[in-house]
Amino acid sequence: MPEQGDIVLIPIPFTDLSSQKRRPVIVISNNQYNAKRRDVVVVAMTSNPQPTDYSFLISSSDLVKGTLNRSGKIRVDKIYTMS
Numbered sequence: 000m001p002e003q004g005d006i007v008l009i010p011i012p013f014t015d016l017s018s019q020k021r022r023p024v025i026v027i028s029n030n031q032y033n034a035k036r037r038d039v040v041v042v043a044m045t046s047n048p049q050p051t052d053y054s055f056l057i058s059s060s061d062l063v064k065g066t067l068n069r070s071g072k073i074r075v076d077k078i079y080t081m082s
């Protein structure tokens, strides 16, 4: 089970639901929640540099472990659950 702060790839559907694409997300639900539930709460990540009202920058220096290939943004307006 992923832990809070992990970055994983999940299939995310396009807006028109015609298809989906594997995209990076970051786990935001805490480990206690993740251990008790069948789903995990995540938010989308993007490398698109366009500013949006509901995103903030993330880079490798923000990570406790691991690295990012490039800086990106966390999209708090794109919340999903994964099983």
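Residue numbers (numbering that gives the first Met the number 0): 0 to 82. Where a beta carbon is used, it is the ideal one built from N, C-alpha and C, also for glycine. Computed from a prediction, not measured in an experiment: that's the story for all the values here.
For Y32, the enclosing alpha helix (DSSP H) starts and ends at 30–35. Within the DSSP bridge table, the entry for S54 names R74 as partners.
Inclusion of N33 and M0 in the CB contact set at 8 Å is warranted, their separation being smaller than that value. For the 8 Å CB-CB criterion, G4 and V63 form a contact.
When DSSP reads this structure, P12 sits in a beta bridge with Q19.
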